[in-house]
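Residue numbers (this note's numbering): 4 to 337.
From the three backbone atoms N, C-alpha and C, an ideal C-beta is built for every residue, glycine too.
All remarks here apply to the structure that follows.
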Ligand SMILES: NC(=O)c1ccc[n+]([C@@H]2O[C@H](COP(=O)([O-])OP(=O)(O)OC[C@H]3O[C@@H](n4cnc5c(N)ncnc54)[C@H](O)[C@@H]3O)[C@@H](O)[C@H]2O)c1
């Protein structure tokens, strides 16, 4: 069988995509792109045989390329995705796959025109062994009925918005950039959709840095089946990167920690909780690519479906709108 000819645009986290493609038996990594010549040369030196280019159109318009991973700055994802689809390529695009709802609608239309093309996004928490284990326990019924789910994205990397490209963009959303991971995680765990949000935000930590949006947002969320919970995104926290996750069911409670998680199955304080020591985060940032390639080849579904990509962004748009307007917002699914 002919291998998929694959390329990567943007070589920060995109280097991880390149590693995953290079190791994938069904792919041939044929091109790498970065607008920064030094970055390009440094990363390309690890991938002999891949063409190194500085201009994205050399990949996007190249009819011989079947699959492109887009890991450029957030504000480039939309135009690059549209152009890649226009030129017949499958697209694995970093989160947030777009930054505005109208862009998501346009990508939807573009996919309707190109029904043979697949799209997915790097909502990588789904591959964390800790959360895979939790997902299995929930599906098995160990939790009974879920009634409260919460997760935060504690970034711990303030300098990325006060000093890096994120802070220089006209519009950068911590909700889209970080909250999308935990919004997706909660909906995947619940097997349910968030239908309404009520959010507040502030920018106390990044004040004076020039960052133009909230660096801290908390949203109360309501799920279709009656569960409620919280999505938090906290870019200014004084702690290393972490995802606090608490899942409450009628039969069990899960609390995530760094070294381990705890699973409570009784209210009795004498009953010790179960220690869950599965790896966390324990993922390589290219771990979703194999499943995406399989979906292209018709060998199984991608871990993150197109519907999941649109759904998590739709929730984030509602949270962003609610935090700025100060009113509850129903999620409009794109
Ligand atoms: N899924 C994850 O866990 C995860 C982790 C980190 C970053 N990301 C996402 O990946 C994207 C990149 O973030 P990063 O942390 O790797 O940033 P980065 O600054 O480390 O790397 C981005 C690279 O893309 C290049 N680039 C930007 N626009 C380009 C363009 N139009 N053409 C060619 N090259 C271009 C830059 O020169 C830079 O080298 C962001 O959208 C971010 O949200 C996702």
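The beta carbon of residue 234 sits closer than 6 Å to those of 182, 185, 186, 222, 224, all from its chain and outside the five residues before and after it, given in chain order.
Taking the Cβ of residue 74 as the reference point, at least one heavy atom of ligand 1 falls within a distance shorter than 7 Å. Classified as buried, residue 124 has 16 or more neighbouring CB atoms from the shown chains inside 10 Å of its CB. Around the beta carbon of residue 129, 16 or more other beta carbons sit within 10 angstroms, so the residue counts as buried. Between residue 96 and residue 88, the beta carbon gap of about 10 Å keeps them out of contact (Cβ cut-off 8 Å). Taken in chain order, the complete alpha helix (DSSP H) segments of 4 residues or longer contained in the stretch 174 to 259 are 183 to 193. Distances taken from the Cβ of residue 155 to the heavy atoms of ligand 1 include none shorter than 7 Å. Residue 155 is bridged by DSSP to 235. For residue 141, the shortest C-beta to heavy atom distance toward ligand 1 is 7 Å or greater. Taking C-beta separations shorter than 6 Å and ignoring five residues to either side along the sequence, the partners of residue 277 in its chain run 266, following chain order. In its chain, beyond the 5 residues on either side, 252, 254, 255 have a beta carbon closer than 6 Å to the beta carbon of residue 146.
In the same chain as residue 248, and ignoring 5 residues on each side of it, the C-beta atoms closer than 6 Å to its own belong to 154, 259, in chain order. Taking the Cα of residue 330 as reference, the smallest distance to any Cα among 337, 336, 321 is reached at 321. Residue burial annotation: residue 190 is buried, with at least 16 other C-beta atoms found within 10 angstroms of its C-beta. For residue 62, the enclosing alpha helix (DSSP H) has its first and last residue at 60 to 63. Contact holds between the stretch 61 to 69 and the stretch 5 to 23, because three or more Cβ pairs, one in each stretch, are under 8 Å apart. Under the three-state reduction of DSSP, residue 95 is assigned to strand. A distance of 8 Å or more separates the beta carbons of residue 160 and residue 295. Of the residues assessed, residue 216 falls on the buried side of the cut-off, its CB having 16 or more other CB atoms within 10 angstroms. In terms of Cβ geometry, residue 170 and residue 213 form a close pair [threshold 8 Å].
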